[in-house]
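Student: The structure's right below; bear with me while I get my questions together.
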Amino acid sequence: MSAQATVEQKLRYKTGNPADWPKEQDAVVSAPGNHKVLLENDRVRVLEVTLAPNELEPVHHHQWPSVLYIIEAGHFIDRDGEGNIIMDTREIPEPLVFPMTMFKEPEAPHSVENLSDTQPIRLIRVEMKR
6 MSAQATVEQK LRYKTGNPAD WPKEQDAVVS APGNHKVLLE NDRVRVLEVT LAPNELEPVH
66 HHQWPSVLYI IEAGHFIDRD GEGNIIMDTR EIPEPLVFPM TMFKEPEAPH SVENLSDTQP
126 IRLIRVEMKR
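Going by this note's numbering, the sequence shown opens with residue 6, and the numbers climb by one from there.
Next comes the structure, spelled out in structure tokens:
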């Protein structure tokens with residue numbers, strides 16, 4: 006299995022119902038320093054997502070299915086809203102190759118921690134509202 010397929014498989018977790026997630030935990034509300042709106046209309050919301058080296062972003066969610074274009078990233082940990090580890094990229098046997106593109110279903114409250122001392126995480130996220 007490729008590193009990208011491993012990441013996609015690990016990130017497929019039960020998300021629950023987006024209607025039940027707190028509105029105040031929407032990514033641009035809860036983590037505005039990490040999620041910049043580049044474009045928004047009734048069909049899509051396009052976000053520039055950044056995490057500085059060693060940064061832990063606030064807990065937030067993404068209520069719509071998304072396509073991610075990950076420009077660059079080092080190792081990171083993705084945790085659910087309770088702090089349980091969903092994925093630690095250090096456990097993936099093959100190195101991740103960037104840029105990388107992937108599809109994601111709506112994401113329940115979670116938080117990403119950039120483990121790199123030098124490498125930022127940068128990606129474009131296209132959220133499909135309908």
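Cβ coordinates follow ideal geometry from the N, Cα and C atoms, glycine included.
Whose C-beta lies closer than 7 Å to the C-beta of GLU62 among residues of the same chain, with five residues either side of it excluded?
Tutor: Position 57 of the sequence shown, counting from 1, holds the residue named residue 62. Here the set comprises ALA36, ASN39, LEU56, SER116, VAL117.
Student: Since I believe HIS80 is in contact with GLU112 (beta carbons under 8 Å), could you give me their beta-carbon distance rounded to a whole number of angstroms?
Tutor: Here the question's residue 112 lines up with position 107 in the sequence shown. Here the question's residue 80 lines up with position 75 in the sequence shown. The Cβ separation is near 19 Å, so there is no contact.
Student: What's the C-alpha gap between ILE76 and ARG48?
Tutor: Here residue 76 refers to the residue found at position 71 of the sequence shown. Here residue 48 refers to the residue found at position 43 of the sequence shown. Their backbone Cα atoms lie some 24 Å apart in a straight line.
Student: Alpha carbon to alpha carbon, what distance is there between SER71 and LYS41?
Tutor: Here residue 41 refers to the residue found at position 36 of the sequence shown. Here residue 71 refers to the residue found at position 66 of the sequence shown. Taking the straight line from one Cα to the other gives about 15 Å.
Student: Within this structure, are the beta carbons of GLU53 and LEU43 separated by less than 8 Å?
Tutor: Looking up residue 53 in the sequence shown gives position 48. Looking up residue 43 in the sequence shown gives position 38. In contact: GLU53 and LEU43 (Cβ atoms closer than 8 Å).
Student: For ASN119, count neighbouring Cβ atoms within 10 angstroms of its own Cβ and tell me buried if that reaches 16, exposed if not.
Tutor: As a first step, residue 119 is located in the sequence shown; it is residue number 114 there, counting from the start. Buried, by the Cβ-count rule.
Student: Taking the straight line between their C-alpha atoms, what separation do you get for ALA78 and ASN59?
Tutor: Your numbering for residue 78 matches position 73 in the sequence shown. Your numbering for residue 59 matches position 54 in the sequence shown. One C-alpha to the other measures close to 12 Å.
Student: For LYS28 and TRP69, which I take to be in contact (beta-carbon distance under 8 Å), what is that distance rounded to the nearest angstrom?
Tutor: In the sequence shown, the residue the question calls residue 28 occupies position 23. In the sequence shown, the residue the question calls residue 69 occupies position 64. That pair is no contact at about 14 Å.
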